[in-house]
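One structure is given here, and the rest of the page talks about it.
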Amino acid sequence: MSKALVGVLKAVEAKVKKSHTFAKKRAISICTTMSVAHVDDEVCGGDLEVFHTEKIFSNGDIYIGQWGMDYPHGNGKYLWSDGCMYFGDWYMGKICGKGKFSWPSGATYEGQFKNGYMDGDGTFTSSLNDTYRGYWVMNRKQGKGTKSFVNGDQYEGEWKRGYHEGQGRYHWHNDGLPKGNGTFHWQDGSFYAGVWSRDQREQSGKFYPSTLINPHDDWDPHQLFSVEMGECLICEGEEITIFPSDKVFVWSNNEDKPPLRKDSRGMRMSVDRKLNNGDYLTADGNTGGLYGRPLKIKLQPAKRQGVTICKGHKNYELMLNLQLGIRHSVGRPAPTKSLKLKPTAFDTKQKLWTKFPPEGSKHTPPHQSCEFKWKDYCPLVFRTLRKLFNVDPADYMLSICGNDALRELSSPGKSGSFFYLTHDDKYMIKTMKKSEVKVLKRMLPAYFEHCKSFENTLVTKFFGLHCVKLSGPIQKKVRFVIMGNLLCTEVPIHRRFDLKGSSHGRITDKPETEIDANTTLKDLDLKFIFRLQKDWFQEFCSQVNKDCDFLEQERIMDYSLLVGISFQESNREAAEGKAGCDSTGSTPRVSTDGDAPLNAARWTCVRLGINMPSRVEFTVRSHETQIVGEPTGEMCDVILFFGIIDILQDYDISKKLEHAYKSFQYDSTSISAVDPRLYSKRFKDFLFRVFTDDT
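Those letters in the sequence shown? Residues -14 to 680, per my numbering, in order.
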């Protein structure tokens, strides 16, 4: 640590000391009589004795308060080096009880905590002085609460998962009308979606009548804007980006820990299988190096990916064109409820283009982008697919075409395609080569029937196929496909893998220091076996066989299984009341064979490949090209997300030449470019080795 930083920390410590003299005196008076209930006698040897301490950790964090064994216990204050601070109750190293957490921005939360989460009655005051007073459950507003905005608006009523939902009353302080993109729903199911404005010249949108017998189809736009919406003006609040439960603690140095046993099943280690002395566990229980790089995983959520496309960005007008086209396509009259389509719906030979002049036309709104043409491939098919996938048209349109801009991923994919994410991460938009469009159009009838027949299919979900033709002498065409984002989840994804079952070139080329939660690792980086609950494993095997048969019939190869892993705290340690992190930070604990699988009842939406409670078992390789390592017996509780991606590469002449060329240099079974039949068999054999039932 630099001398300047040490000086700053000492100054901060002195300031904290001065402001908490009373807290010190109170701590001393409590220490003489304090004992803690519900503590395992085998861990603590009886009642937990506490004393007052002041600590400055190696990373610059400061703690002042009561201390028991090797962690805070009682009342204390923790100041992180990034400016966050907590003052209140602690229980065995965890924030638990009443306290106050403050952010560097000036925002504060004061109320009840449970296991590091804002949980119970509490008051959050944002840096803008908006306040919420009410009940919280695991960092989210839940139950009854009141939110007051700095402009005088106030909502009082029920909340669910952080949003006001249910019975409530919203009071607008100022007169006003809604402005921007929004949706108005009638009780009969009809709704209006579009652009709202006080100026009628700026109003644009579409009305979607109800499918009921007596739809609400005679409506007056002026009545809607001026009367029914009345005095409405929604005010947005500040979003919490870092929760108290996300913070990492550093309690003591590694040398203070008791020596580890050599029995591999009895060892406590982090998810990267790194021991306290920095060595790694080998298959025989001794320490030493393992083939491949260890995965140093901390329980930190991935950083938000991509660069927001703002005005001035090279693809800003292309984004506007795409959003205008999507709004035009989705706003067409809805089809019947039937999922049966005529063969003509799959006709891709139509050459119908819609022109979008800047000044607008009979069928298109005025816009500020350049003139372009828009083509919608098989619109009825994709509209029916969206219905099949339970996608609400208004939500779909607002995710892609709302006020928030798309985000462009920092680098194009291996194929040269660019990827864009919607603001809510629900959808991914990919630019396509002409050959990929041909493959999708060719396989679309079979894809539709496959998705209709198998609700739990793991193949990529496609929601739309479009083309933008830019005006000018070049008339460049840009083709897009809109897909579901497999890893869009509120659960933090700590590691992601792209698995094909081949070994040649299937290892990340990033240095260890640059591997983070957004790094996509490959087959030879995998040091886990995924253990699914028995019923889920049987369903997994059945669906993988069906999906691979479909892809083989369509002559598709080079696809992969994308797996997202969210590591969880060990249930066993939580039951024992132990701290859920080691000396190096918040890392998941290893469970043994006797641990029970994660309880699926705590997750509200569990489907095959989505939000699946599971366990991973660590493996070691005897040589660096061994594609699946040997299991060691150490387990970790996880939540899994997975699906089959990149399904638009057929075994064309370029792939046949690639196979012939690489077969001269490498083992022909180790390369990705192989015949679809062989690719499917190898892919399934690999998955059924790295996925198994948790018996």
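We put the CB at the ideal spot given by N, CA and C, even for glycine.
Everything numeric in this text was worked out from a predicted model, so none of it was measured.
- Burial is judged here by how many other beta carbons sit within 10 angstroms of a residue's own beta carbon; residue 104 has at least 16 and is buried.
- Annotation: residue 152 is outside any alpha helix (DSSP H); the continuous beta strand (DSSP E) that includes it extends over 148 to 156.
- Put simply, of 462, 673 and 480 the residue whose alpha carbon is nearest the alpha carbon of residue 522 is 673.
- When the beta-carbon positions are compared, residue 516 and residue 393 stay at least 7 Å from each other.
- Between the stretch 474 to 489 and the stretch 537 to 548, the count of C-beta pairs closer than 8 Å reaches three or more; the two stretches touch.
- With contacts defined as CB atoms closer than 7 Å, residue 72 and residue 85 qualify as a contacting pair.
- Taking a 10 Å sphere around the C-beta of residue 645, we find fewer than 16 other C-beta atoms and assign the residue as exposed.
- By DSSP's assignment, residue 189 forms a beta bridge with 180.
- Taking all protein chains shown into account, residue 379 has 16 or more neighbouring C-beta atoms within 10 Å of its C-beta and is therefore buried.
- Counting only runs that start and end inside the stretch 513 to 540, the beta strand (DSSP E) elements of at least 3 residues fall at 513 to 517.
- Each of 53, 639, 49 and 74 was checked against the Cα of residue 65, and the nearest Cα belongs to 49.
- Contact between residue 470 and residue 406 holds: CB atoms are separated by about 7 Å, below the 8 Å threshold.
- Here residue 288 is exposed, its C-beta having fewer than 16 other C-beta atoms within 10 Å.
- The beta carbon of residue 156 is closer than 6 Å to those of 139 in its chain, skipping five residues each way along the sequence.
- The same chain holds no residue with a CB closer than 7 Å to that of residue 327 once the five nearest residues on each side in sequence are set aside.
- Taking C-alpha positions only, residue 441 is separated from residue 667 by approximately 22 Å.
- DSSP places residue 369 in the helix class (H, G or I) of the three-state scheme.
- Taken through DSSP and simplified to helix, strand or coil, residue 662 comes out as helix.
- Taking a C-beta distance under 7 Å as the contact criterion, residue 445 and residue 468 qualify as a contact pair.
- The residue from 56, 377 and 102 with its alpha-carbon nearest to that of residue 234 is 56.
- Between the C-alpha atoms of residue 102 and residue 477 there is a straight-line separation of about 15 Å.
- Distance from the CA atom of residue 309 to the CA atom of residue 373, rounded to whole angstroms, is 24 Å.
- Ranked by Cα distance from residue 625, the options 438, 593 and 390 are led by 593.
- Between residue 391 and residue 294, the C-beta spacing is below 7 Å.
- Rounded to whole angstroms, the Cβ separation of residue 69 and residue 52 is 20 Å, and the two are not in contact under 8 Å.
- Straight-line spacing of the CA atoms in residue 436 and residue 540 works out to 18 Å.
- Around residue 384, the same chain offers 407, 408, 409, 411 and 412 as residues with beta carbons nearer than 8 Å, after the five sequence neighbours per side are excluded.
- Listed in chain order, the alpha helix (DSSP H) elements of length 4 or more contained wholly in the stretch 373 to 431 are 378 to 386.
- Of the residues assessed, residue 590 falls on the exposed side of the cut-off, its CB having fewer than 16 other CB atoms within 10 angstroms.
- Contact check for residue 369 and residue 313: beta-carbon distance about 18 Å, past the 8 Å limit, so the pair fails to qualify.
- Sixteen is the threshold: when 16 or more other Cβ atoms of the shown chains lie within 10 Å of the Cβ of residue 360, as they do, the residue is buried.
- Sequence-distant Cβ neighbours of residue 135 in its own chain, meaning closer than 8 Å and more than five residues away, are 113, 114 and 115.
- About 5 Å separates the beta carbon of residue 193 from that of residue 176, a gap short enough to meet the 8 Å contact definition.
- Assigned with DSSP and collapsed to three states, residue 310 falls in helix.
- Taking C-beta separations shorter than 8 Å and ignoring five residues to either side along the sequence, the partners of residue 615 in its chain run 268, 604, 605, 606 and 607, following chain order.
- Take residue 232, set aside five residues on each side of it, and the residues of its chain with a beta-carbon closer than 7 Å to its own are 65 and 69, in chain order.
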